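For the sequence shown, the UniProt record's numbering begins at 1 and goes up steadily by one. We put the beta carbon where it would ideally sit given N, CA and C, even for glycine. This one's a predicted model, so the numbers in the text were calculated from it and none came from an experiment. First up is the structure itself, then whatever we jot down about it.
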Amino acid sequence: MEDRVVWNASKNGSFSVKSLYNILDSGGAVPFPWRIIWSPCMPTKVGFFAWEASWGKVLTQDHLKRRGWSLANRCFLCCEDEETINHILIHCPKAKVLWNLMFTMFRVNWVLQLTVKDTLLGWSDSFVDKKRGKIWRAAPLCLFWTMWKERNRIAFDNEALSIQRLKTSFVCNLSSWTKSCLDGEPHSLINFVDWLGSN
Ligand SMILES: [Zn+2]
């Protein structure tokens with residue numbers, strides 16, 4: 001699709017005076033991506049994790065350091081950069097592999113924001129139809145959960161999935177968790193992936 005300007009404050013991406021008025025009239029409330037986080041398609045634990053990550057409350061190594069622990073902070077996944085929640089879920093090369101897979105499946109070019117919260121706030125679904133929109137909104141939450149599980153697998157069990165298995169785990173989770181939102185179709189994992197890209 002060609003680039004176009006999208007007005008984030010309204011559902012359909014078009015500007016309206018009413019949506020502008022609603023922003024101005026929000027009483028100074030901090031914008032928060034609650035609509036994506038509390039997705040009816042996703043397990044509650046996944047929503048809670050995204051909620052914690054958006055507030056920067058997940059106990060990553062940078063948090064432990066700030067609490068006085070003396071440790072060499074290194075990302076368990078890439079062993080290159082410092083571990084922060086924004087690094088693990090957005091910028092880590094291993095996370096990038098999953099982001100690229102997701103964008104390829106939806107056939108879309110996307111620019112990620114610096115933080116988890118801003119990424120979710122900018123997660124517009126105006127380029128997809130209603131059914132695929134449900135999967136598109138659930139996809140970052142699924143990616144966050146997959147990355148966090150992998151991080152803990154390495155940190156606590158000293159085991160890591162191959163990149164191929166990490167990708168499979170992400171797609172399988174996304175397909176099985178969102179099944180209830182799709183009225184029974186598509187029927188198989190291959191159908192699911194085909195259907196996502198057939199927009
Ligand atoms: Zn990393």
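With fewer than 16 other Cβ atoms from the protein chains shown falling within 10 Å of its own Cβ, R165 counts as exposed. A straight-line Cα-Cα distance of about 13 angstroms links N173 and E150.
Distance from the Cα of G47 is smallest, within the candidate group F144, R132, A155, N158, for F144.
Contact between W123 and R132 does not hold, since the beta-carbon distance rounds to 14 angstroms and is not under 8 angstroms.
Taking a cut-off of 8 angstroms on C-beta distances, the stretch 68–76 does not touch the stretch 98–107, as fewer than three cross pairs fall below it. T60: not part of any alpha helix (DSSP H); DSSP gives it neither H nor E. Counting only runs that start and end inside the stretch 152–190, the alpha helix (DSSP H) elements of at least 4 residues fall at 163–178. DSSP places C92 outside both helix and strand once states are collapsed to three, so it counts as coil. Between the alpha carbons of W38 and V30 lies a gap of roughly 17 angstroms. If you draw a straight line from the Cα of C92 to the Cα of T60, it comes to about 14 angstroms. Look at M147 here: in three-state DSSP terms it is helix.
At the C-beta level, N86 and V116 come within 7 angstroms of one another. If you ignore the 5 residues before and after C142, its C-beta comes within less than 6 angstroms of the C-beta of N173, L174, all in its own chain and listed in chain order. Taken atom to atom, the span from the alpha-carbon of F32 to that of F192 is near 30 angstroms.
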